[in-house]
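Here's the structure we're looking at; comments come further down.
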Amino acid sequence: MKILIATGNQDKLSQFKRIFENLGSDIELLSLKDVGIFDDVEEDQETLLENAKKKAKFYAEKSGLPSLSDDFGIFVNALDGFPGVSSKRWMKGSDKDRCAALIEKLKKFPKEKWTAKYIGAVALYDPEKKKFWENVNEAEGVVVDEFRGDQFFGYDSIFESKKFGKTFAELGDEEKMFVGHRSLGIKELLRHLSREN
Numbered sequence: 001m002k003i004l005i006a007t008g009n010q011d012k013l014s015q016f017k018r019i020f021e022n023l024g025s026d027i028e029l030l031s032l033k034d035v036g037i038f039d040d041v042e043e044d045q046e047t048l049l050e051n052a053k054k055k056a057k058f059y060a061e062k063s064g065l066p067s068l069s070d071d072f073g074i075f076v077n078a079l080d081g082f083p084g085v086s087s088k089r090w091m092k093g094s095d096k097d098r099c100a101a102l103i104e105k106l107k108k109f110p111k112e113k114w115t116a117k118y119i120g121a122v123a124l125y126d127p128e129k130k131k132f133w134e135n136v137n138e139a140e141g142v143v144v145d146e147f148r149g150d151q152f153f154g155y156d157s158i159f160e161s162k163k164f165g166k167t168f169a170e171l172g173d174e175e176k177m178f179v180g181h182r183s184l185g186i187k188e189l190l191r192h193l194s195r196e197n
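Residue numbers (our numbering): 1 to 197.
This is the structure we're talking about:
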């Protein structure tokens with residue numbers, strides 16, 4: 001089976017590939033570059049799941065391949081869930097810039113109010129069957145006021161996992177299997193595909 005990973009983000013593509021590999025999957029994963037698609041899809045829906053479904057369907061119909069996409073956000077309790085669905089778009093700049101700006105916003109609140117959660121949605125669209133498979137997961141944690149870990153992907157370097165007491169940027173692949181929405185989503189996807197076959 002072939003699945004198109006519907007993202008132009010190389011960090012995200014690498015994560016998806018590592019997760020499938022770590023789960024022992026023999027599915028052949030293709031990138032947008034592999035199939036010669038360079039279109040960008042605007043994430044303008046009201047929910048993370050709708051954004052993931054929009055991207056999966058667009059690239060599936062364009063490529064003729066089952067396509068997997070995701071969207072995630074950090075929802076900070078002291079900020080009434082902000083930045084939420086707009087996590088990647090609420091300000092221009094790099095992921096590191098957005099992390100620094102979020103920390104600034106939180107400085108007027110005591111540290112115990114810096115609780116947050118990651119919510120991530122994963123969607124697969126099969127253009128032949130015209131059917132979606134979808135999954136949403138949450139990870140509880142807290143925003144920290146220093147960058148920890150050696151990667152600046154999303155908010156991973158400032159979002160500390162409640163389960164492990166480390167930022168997501170400090171977690172190893174094995175630990176992320178227990179709390180990462182992509183890992184949890186792909187586990188469920190592989191179970192779903194094995195039931196279908």
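Ideal Cβ placement from N, Cα and C applies to all residues, glycine included.
In this text, all values refer to a predicted model and were calculated from it rather than measured experimentally.
Original post:
In terms of DSSP beta bridges, what is S31 paired with?
Top reply: Within the DSSP bridge table, the entry for S31 names I5 as partners.
Subject >> Span of the alpha helix (DSSP H), counted from its first residue to its last, around E46 >> reply: Looking at the DSSP string, E46 is not in any alpha helix (DSSP H), and its letter there is neither H nor E.
**OP:** Provide the residue(s) that pair with L68 in DSSP beta bridges, ordered along the chain.
**Re:** I5 and L124
Subject >> Residue interval of the alpha helix (DSSP H) (run including A101) >> reply: D95 to L106
Original post:
If you compare alpha carbons, which of D70, Y118, K62 and P66 is closest to N77?
Top reply: Checked all of D70, Y118, K62 and P66; the closest Cα to N77 is Y118.
Original post:
Can the beta-carbon of S14 be found less than 8 angstroms from the beta-carbon of V35?
Top reply: no
Subject >> Exposure of G141, with buried meaning 16 or more beta-carbon neighbours within 10 Å >> reply: buried
Subject >> Inter-residue spacing [alpha-carbon to alpha-carbon] between A100 and G154 >> reply: 12 angstroms
Subject >> Limits of the unbroken alpha helix (DSSP H) element including N77 >> reply: Where N77 is concerned, there is no enclosing alpha helix (DSSP H), given that its DSSP letter is neither H nor E.
Original post:
Comparing alpha-carbon positions, which option in F159, R195 and L190 lies nearest V179?
Top reply: Checking every option, the nearest Cα to that of V179 belongs to F159.
Original post:
So what does DSSP say about V85, is it helix, strand or coil?
Top reply: DSSP places V85 within a helical segment (H, G or I) once states are collapsed to three.
Original post:
In angstroms, rounded to a whole number, what distance separates the CA positions of P83 and W90?
Top reply: 7 angstroms
Original post:
Short check: CB of G120 to CB of L48, under 8 angstroms?
Top reply: yes
Original post:
Given E138, which residues of its chain have a CB within under 6 angstroms of its CB, disregarding the five upstream and five downstream residues?
Top reply: Answer for E138: K117 and I119, listed in chain order.
Original post:
Which residues bound the alpha helix (DSSP H) around K17?
Top reply: Q10 to N22
**OP:** State the DSSP-derived secondary structure class of V144, mapped to helix, strand or coil.
**Re:** coil
Original post:
Beta-carbon separation of F38 and L30 under 8 angstroms?
Top reply: no
Subject >> Rounded straight-line distance, which links the Cα of K57 to that of S87 >> reply: 22 angstroms
Original post:
CB E170 to CB R148, shorter than 8 angstroms?
Top reply: yes
**OP:** Work out the CA separation of W133 and K191 for me, nearest whole Å.
**Re:** Note that residue 191 corresponds to Arg in the displayed sequence, not to Lys. Straight-line Cα distance between these residues: approximately 12 angstroms.
Original post:
In terms of residues, what are the limits of the beta strand (DSSP E) holding F168?
Top reply: First-last for F168: undefined, no H or E at that position.
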